[in-house]
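Residue numbers (the working numbering): 194 to 292.
Here a beta-carbon is modelled for each residue, glycine too, at the ideal position from N, C-alpha and C.
A quick note: this is a predicted structure, and the numbers were derived from the prediction, not measured.
Next up, the structure:
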């Protein structure tokens with residue numbers, strides 16, 4: 194059986210899924226999801242670095258994408274449902290593409 198942590202874990206390359214080595218970065222665990230993210234992250238060894246992808250307004254939620262933003266809406270939605278248990282993404286991009 195997989196643990197709940199395994200569903201939200203990243204390997205040393207920043208990929209979710211089965212890996213020998215995984216880590217938990219607690220501050221990054223508070224990032225929300227958006228298919229139009231305002232934060233990009235990268236790994237430098239075991240250091241997770243988050244950077245703003247665009248100008249941010251004061252108080253704006255920090256969001257990364259839990260799935261590839263290069264995928265069409267139906268594949269992103271399926272990946273969010275199967276990989277993270279999210280029933281829907283309500284970001285502006287998904288609302289537009291769902292029409």
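Exercise. Does DSSP put residue 196 in a helix, a strand or coil?
Worked result: Any answer about residue 196 is weak, because its pLDDT of 41 lies below 50 and its placement is not dependable; what the coordinates show is given next. Three-state result, residue 196: coil.
Exercise. Does the ligand SAM have a heavy atom nearer than 7 Å to the CB of residue 267?
Worked result: Here there are no bound small molecules, and the ligand SAM is not part of this structure.
Exercise. Whose C-beta lies closer than 7 Å to the C-beta of residue 218 among residues of the same chain, with five residues either side of it excluded?
Worked result: 241
For this session: Could you check the C-alpha separation between residue 221 and residue 286 for me, to the nearest Å?
Result: Spanning the two alpha carbons is a distance of roughly 22 Å.
Problem set entry | Cutoff 7 Å; reference residue 266; Cβ partners in own chain excluding five residues on either side | 287, 290 and 291
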